[in-house]
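Enquirer: FYI, in my numbering the residues of the sequence shown are 1480 to 1847.
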Amino acid sequence: MMRMPSSLHAQRFLLTASIALLLISPARPQTTSYEFNDSHFHLTNNIQEGPDIHDFLKMMGTRTGRVALFGLPLQQQWSYRDDGDRAPKYYLHSDAPLYYYSFTDAYIAMAYKSLAKEQQARVDPMITGFNPTDMYAADHIRRVLNTFPGVFSGIGEFTIHKEFVSSKISGEVASLEDPALDRLLDFAGEVGLVVLIHNDIDIPFSDVLMKEGTEPAYLAPMKAVFKRHPSTTFIWAHMGLGRVVRPNKNHARDIEAILRDPDFRHVNFDISWDETAKYIVATPEATKTMAGLMQRYPDRFLFGTDSAAPPDESKYTKVFYQYDPLWKSLDADTSRKVRLQNFERIFDEARRKVRGWESAHVTHGYSN
Ligand SMILES: [Zn+2]
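(1) Confirm the yes/no value for this check: CB of HIS1533, any heavy atom of ligand 1, distance under 8 Å.
(2) Residues in its own chain within less than 8 Å of HIS1717 by CB, not counting five upstream and five downstream?
(3) Whose C-beta lies closer than 8 Å to the C-beta of TYR1578 among residues of the same chain, with five residues either side of it excluded?
(4) With distances taken between CB atoms, is the gap from ARG1545 to ASN1524 smaller than 9 Å?
(5) Out of SER1838, ARG1831, LYS1702, which one is the CA nearest neighbour of PRO1741?
(6) If ARG1560 and THR1796 are in contact, beta carbons under 8 Å, what's the gap, nearest whole angstrom?
(7) Under 7 Å, CB to any heavy atom of ligand 1. Which residues pass, going along the chain?
(8) Can you tell me where the beta strand (DSSP E) holding GLY1849 begins and where it ends?
(9) For the structure I just gave you, are there three or more beta carbon pairs, one from the stretch 1798–1812 and one from the stretch 1766–1779, closer than 8 Å?
(10) Compute the Euclidean distance between the alpha carbons of VAL1670 and VAL1644, then round it to the nearest angstrom.
(11) Looking at the strands, I want to know which residues DSSP matches up with LEU1577.
(12) Just to confirm, are PHE1535 and GLY1783 a CB contact at a threshold of 9 Å?
(13) Do MET1605 and GLY1635 count as a contact pair if the criterion is CB distance below 9 Å?
(14) Tell me the DSSP secondary structure of SER1710 in three-state form.
(15) Can you tell which of VAL1724, MET1614, ALA1585 has the C-alpha that lies nearest to the C-alpha of PHE1666?
(16) May I ask you to report which of helix, strand or coil DSSP gives ARG1560?
(17) Taking the alpha-carbon of ASP1662 as reference, which of HIS1640, ARG1707, ILE1682, LYS1592 has the nearest alpha-carbon?
(18) How many Å lie between PHE1582 and ASP1679 at the Cα?
(19) Count the other CB atoms within 10 Å of the CB of ARG1565; is the residue buried (16 or more) or exposed (fewer)?
(20) Quick check on HIS1619: does DSSP put it in helix, strand or coil?
(21) State the Cα-Cα distance for the pair GLU1528 and PHE1549, rounded to the nearest angstrom.
(22) Scan the stretch 1755–1784 and note each continuous alpha helix (DSSP H) run of 4 residues or more that stays entirely inside, going in chain order.
(23) Helix, strand or coil for PRO1789? Go by DSSP, reduced to three states.
(24) Should ALA1588 and PHE1631 be called a contact, given that it needs their Cβ atoms to be closer than 9 Å?
(25) Looking at HIS1640 and TYR1697, is the spacing between their C-beta atoms short of 9 Å?
(26) Ends of the alpha helix (DSSP H) at ARG1662?
(27) According to DSSP, what are the bridge partners of ASP1603?
(28) Does the Cβ of ASP1465 have 16 or more other Cβ atoms within 10 Å, making it buried, or fewer, making it exposed?
(29) Using only CA atoms, which one of ARG1779, THR1607, GLY1563, VAL1623 lies nearest to TYR1580?
(30) Should ALA1600 be labelled buried (16 or more other beta-carbon atoms within 10 Å of its own) or exposed?
(31) Grab me the residues of ALA1770's own chain with a C-beta within less than 7 Å of its C-beta, minus the 5 sequence neighbours each way, in chain order.
(32) According to DSSP, PHE1515 sits in a beta bridge with which residue or residues?
(33) Is it buried or exposed, GLY1540, if we count other Cβ atoms within 10 angstroms and call 16 or more buried?
(34) Let's test the definition: count the other Cβ atoms within 10 Å of the Cβ of TYR1758 and tell me whether it reaches 16, buried, or not, exposed.
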């Protein structure tokens, strides 16, 4: 080997060192440096209030890479007859009904469009302002895509059966058997929109009221919905759990039966919501059961916060840290998939398909 003169040696060392420095400290954090992508985030609350989207991007900071972002389509009515001057901000704070607030989709689209290009790349907006009991729901979704092409990646979170909520919505009660639901899910499949659906796996307090061994009330109807729509990509929010819809002792087994069955390969699960996390981190055994399920099916779970209208970064990221025991129980590959890569795979595919559908079908140019 030829010996270099020492000054040249030093120059070369400096050059190598500065290249290395450039590589380890990029101007902007790369995707791989983020802690998580968020598959489930509400920018607004039940009365359509929430942070400015630019402030929210600051909350994402260097921890959150990308986000599936939507409003909350169920608006809490302020009934003066019922609530007087006590303006309700949350659906449990009033007996007045909730109603479908379609303007949310225009609001979310305009918020997204106000972002710079590199900020938009981190956001996947979702359409939620439709009534799933209405045969015209699919037409609403088509109209939103037509009016705001280049924006949306999916539909949801929308709700069929949800403890305390479904019964409060004015109009017909939603149902998994409704042809209106099938029509909108067919349309989502045709376009390539990801479907984020909230449907409790069971009725509340069923463990107290039902006999041992009874199947959760909505498990079979949900599976039937998935089977009727094999070309639609689903994310079943919260694995069907809720505030009082607890996982029964067969919950992991029931979820695994779906994961194992090739007929349900289009079905994924999110573990969003502090109410879901409370079950998973309740005991070391519960955490171990969940970790085992994720390690056997690492491509099928997504982390999400289910944060709604957070005021600051620590409130926004709270659920992620609540899951610390789970993150510690997963191998590095599974953890990375659940926190980051499954989101990227599912939403990149949705963006590609929806943009393709739009270029073939969007007929007018309201948007610029
Ligand atoms: Zn939900």
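Built from N, CA and C at the ideal position, the CB exists for glycine as well.
Expert: According to the structure data:
(1) Ligand 1 never approaches HIS1533 closely enough for any of its heavy atoms to be under 8 Å from the residue's Cβ.
(2) Within the same chain, HIS1677, ASP1749, ILE1750, SER1751, TRP1752, GLU1754, THR1755, ASP1785 come within 8 Å of HIS1717 by CB-CB distance, once the 5 residues on both sides are set aside.
(3) So the qualifying residues of the chain are LEU1553, GLN1554, GLN1556, ILE1648, SER1649, GLY1650.
(4) Going by C-beta atoms, ARG1545 is not nearer than 9 Å to ASN1524.
(5) The candidate whose alpha carbon is nearest that of PRO1741 is LYS1702.
(6) With a Cβ gap of about 40 Å, ARG1560 and THR1796 do not count as contacting.
(7) Summarising the contact set, residues whose Cβ lies nearer than 7 Å to any heavy atom of ligand 1 are, in chain order, GLU1636, THR1638, LYS1641, HIS1677, ALA1716, HIS1717, TRP1752, ASP1785.
(8) With the chain represented from 1480 up to 1847, any question about residue 1849 goes unanswered, as that position is not in the structure.
(9) Contact holds: three or more Cβ-Cβ distances are below 8 Å.
(10) Distance between the alpha carbons of VAL1670 and VAL1644: 29 Å.
(11) Bridge pairing for LEU1577: GLN1555, ILE1648 [DSSP].
(12) The answer is no: Cβ separation not under 9 Å.
(13) GLY1635 places its beta carbon less than 9 Å from that of MET1605.
(14) The answer is coil: DSSP assigns SER1710 none of H, G, I, E or B.
(15) From the listed residues VAL1724, MET1614, ALA1585, the smallest Cα separation to PHE1666 is found for MET1614.
(16) In the structure shown, ARG1560 adopts helical secondary structure according to DSSP, grouped into three states.
(17) It should be noted that the sequence gives Arg, not Asp, for residue 1662. With distances taken between Cα atoms, ARG1662 lies closest to ARG1707.
(18) Inter-residue distance for PHE1582 and ASP1679 is about 26 Å (C-alpha atoms, whole angstroms).
(19) Counting Cβ neighbours within 10 Å, ARG1565 comes out exposed, since fewer than 16 surround it.
(20) Correct three-state label for HIS1619: helix.
(21) Near 12 Å, if we compare the C-alpha coordinates of PHE1549 and GLU1528.
(22) Correct list: 1763–1775.
(23) Three-state result, PRO1789: coil.
(24) The answer is yes: Cβ separation under 9 Å.
(25) In contact: TYR1697 and HIS1640 (Cβ atoms closer than 9 Å).
(26) Per DSSP, the continuous alpha helix (DSSP H) segment holding ARG1662 begins and ends at 1658–1670.
(27) Beta-bridge pairing by DSSP links ASP1603 to ALA1547.
(28) Any property of residue 1465 remains undetermined from this structure, which presents the chain solely from 1480 to 1847.
(29) It is THR1607 whose Cα lies nearest to the Cα of TYR1580.
(30) With fewer than 16 other Cβ atoms from the protein chains shown falling within 10 Å of its own Cβ, ALA1600 counts as exposed.
(31) Closer than 7 Å at Cβ, skipping near neighbours: LEU1805, SER1808, LEU1809.
(32) According to DSSP, which records beta bridges pairwise, PHE1515 is partnered with THR1543.
(33) Residue environment analysis places GLY1540 among the exposed positions, since fewer than 16 neighbouring C-beta atoms fall within 10 angstroms of its C-beta.
(34) Under this definition TYR1758 is a buried residue.
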